[in-house]
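The structure appears below as structure tokens.
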Amino acid sequence: MVLLSVEDLHVTFSHRGRRELRAVDGVSFQVEPGATVGLVGESGCGKSVTSLAIMGLLPPRGAHVKGAVRFDGEDLLQLPPAQLRALRGRELAMVFQDPQTSLNPVLTIGRQVTEVLERHRGLRGDEAKREAAALLDRVGIPDAGRRLKDYPHQLSGGMRQRVMIAIALACKPRLLIADEPTTALDVTIQAQILELLKELVADTGTALVMITHDLGVVAGLCDEVHVMYSGRIVESADRRGLFGAPRHPYTTGLLASVPRLDSPRGVPLRPIPGSPRDTLAWAEGCAFAPRCTRRVEACTTTAPDLVVDAVTRHPVRCYNPWPPGGEPVATSERKKRLT
4 MVLLSVEDLH
14 VTFSHRGRRE
24 LRAVDGVSFQ
34 VEPGATVGLV
44 GESGCGKSVT
54 SLAIMGLLPP
64 RGAHVKGAVR
74 FDGEDLLQLP
84 PAQLRALRGR
94 ELAMVFQDPQ
104 TSLNPVLTIG
114 RQVTEVLERH
124 RGLRGDEAKR
134 EAAALLDRVG
144 IPDAGRRLKD
154 YPHQLSGGMR
164 QRVMIAIALA
174 CKPRLLIADE
184 PTTALDVTIQ
194 AQILELLKEL
204 VADTGTALVM
214 ITHDLGVVAG
224 LCDEVHVMYS
234 GRIVESADRR
244 GLFGAPRHPY
254 TTGLLASVPR
264 LDSPRGVPLR
274 PIPGSPRDTL
284 AWAEGCAFAP
294 RCTRRVEACT
304 TTAPDLVVDA
314 VTRHPVRCYN
324 PWPPGGEPVA
334 TSERKKRLT
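Just so we're on the same page, the numbering used here is the position in the sequence shown counted from 1, plus 3.
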């Protein structure tokens with residue numbers, strides 16, 4: 004059974020007098036009930052735009068969306084705005100990247116939580132406040148009843164993110180999208196937020212789409228991973244397959260550039276050459292070719308298709324992928340994290 008099916012999704016942005024920008028270029032993936040799926044890549048690869056298109060939150064002017072986003076068999080892109088608003092918050096919800104800008108600074112925390120409960124669950128008055136306090140308590144906010152009267156600026160970054168998670172889970176949605184929910188937090192709070200998401204998803208059976216550039220998050224949380232570059236998926240695999248036998252040079256580059264605690268002193272990091280702006284248009288070849296150490300002539304003339312690799316049996320978009328185990332990125336330490 005498939006809960007969410009994204010089929011050939013395209014998102015372009017246009018502005019008068021400027022060249023059209025293609026942010027998402029034919030993305031397809033599926034999410035099953037209770038599964039945790041990761042969308043991974045550098046900033047600008049199209050992860051967040053994909054999530055906003057799924058939720059119907061892109062601006063109506065300037066953004067053009069094509070393809071299909073089927074939630075429980077119903078295409079969200081074809082729904083009237085009122086019907087889509089009724090689904091958001093109740094059936095599908097989102098935790099945004101920066102809670103400081105996502106929470107309304109002039110409304111109390113309690114009002115922002117109870118608003119969801121009133122709209123989608125019909126709770127009112129003291130009943131809504133009791134449920135809001137219970138939600139805050141569930142996500143680990145101490146003295147939850149008193150915190151209902153606080154404003155966002157009175158909470159720490161980690162607590163604001165917990166409030167965002169409480170709001171998202173208030174109606175027990177069947178699908179939760181988390182857009183880099185730990186970006187602005189220190190490592191200790193990051194670990195707490197990730198553990199909280201993991202526990203809540205396990206307890207409620209909610210499917211989770213985790214958008215991140217942090218492969219450590221993927222290793223500890225996701226069942227299936229899709230690596231994106233320049234608006235397209237370049238490699239898809241289950242968690243063990245991605246870390247155990249990455250094939251695309253971009254995937255191996257992401258893994259190799261992660262700092263390691265067990266590396267000898269003085270060993271430099273191995274960043275991916277260039278920047279995400281150094282790309283080819285997919286119409287001209289492989290977008291990653293200008294940064295790739297394994298590019299061949301075909302990479303700069305024809306875009307590769309996403310095909311199932313004959314050895315690892317997971318899809319990869321590359322003419323000259325790394326041989327399985329050929330790049331020293333799947334170390335014993337990473338393998339321990341997967342067990």
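Don't be surprised by glycine CBs; every beta carbon is placed ideally from N, CA and C.
Verify whether the separation of the beta carbon atoms of residue 142 and residue 199 is less than 8 Å. yes
Over the uninterrupted alpha helix (DSSP H) stretch that includes residue 251, give me the two end residues. Where residue 251 is concerned, there is no enclosing alpha helix (DSSP H), given that its DSSP letter is neither H nor E.
Under 8 Å: do the segment 146-160 and the segment 108-115 share three or more Cβ pairs, one atom per stretch? yes
Taking its Cβ as the centre, do 16 or more other Cβ atoms sit within 10 Å of residue 269, making it buried, or is it exposed? exposed
Take the Cβ of residue 274 as the centre, count every other Cβ of all protein chains shown within 10 Å, and call the residue buried at 16 or more, exposed below. exposed
Does residue 393 pass the burial test, meaning 16 or more other C-beta atoms within 10 Å, or should it be called exposed? The question about residue 393 has no answer, for the chain in this structure spans 4 to 342.
Tell me whether residue 269 sits in a helix, a strand or coil according to DSSP, three-state version. coil
Please report the straight-line C-alpha distance between residue 234 and residue 49, rounded to a whole angstrom. 5 Å
Proximal residues to residue 204 (C-beta, below 6 Å), its chain only, five neighbours per side dropped: 211
Give me the Cβ distance between residue 3 and residue 53, rounded to the nearest whole Å; I'm assuming they're in contact under 8 Å. What the structure shows of the chain is the stretch from 4 to 342, and residue 3 is not part of that stretch, so it cannot be assessed.
Report the three-state DSSP secondary structure of residue 196 (helix, strand or coil). helix
Please classify residue 266 as buried or exposed, where buried requires at least 16 neighbouring CB atoms within 10 angstroms. exposed
Using beta-carbon positions only, say whether residue 208 and residue 62 come within less than 8 Å of one another. no
DSSP three-state label for residue 236, please. strand
Report back the beta-carbon spacing between residue 88 and residue 123 to the nearest angstrom; my notes put them in contact at under 8 Å. Actually they are not in contact, since the Cβ atoms of residue 88 and residue 123 sit about 10 Å apart, beyond 8 Å.
For residue 26 and residue 12, what's the separation of their Cα atoms in angstroms? 10 Å
Look at the alpha carbon of residue 295 and the alpha carbon of residue 129, and state the distance between them as a whole number of angstroms. 59 Å
Mapping DSSP to helix, strand and coil, what is residue 1? What the structure shows of the chain is the stretch from 4 to 342, and residue 1 is not part of that stretch, so it cannot be assessed.
Considering just the uninterrupted stretch of the beta strand (DSSP E) at residue 112, what are its terminal residues? No beta strand (DSSP E) contains residue 112, which is instead part of the alpha helix (DSSP H) from 112-124.
Does DSSP classify residue 67 as helix, strand or coil? strand
Tell me the start and end of each unbroken beta strand (DSSP E) in the segment 12-59 that is at least 3 residues and wholly inside, in chain order. 24-34, 39-43
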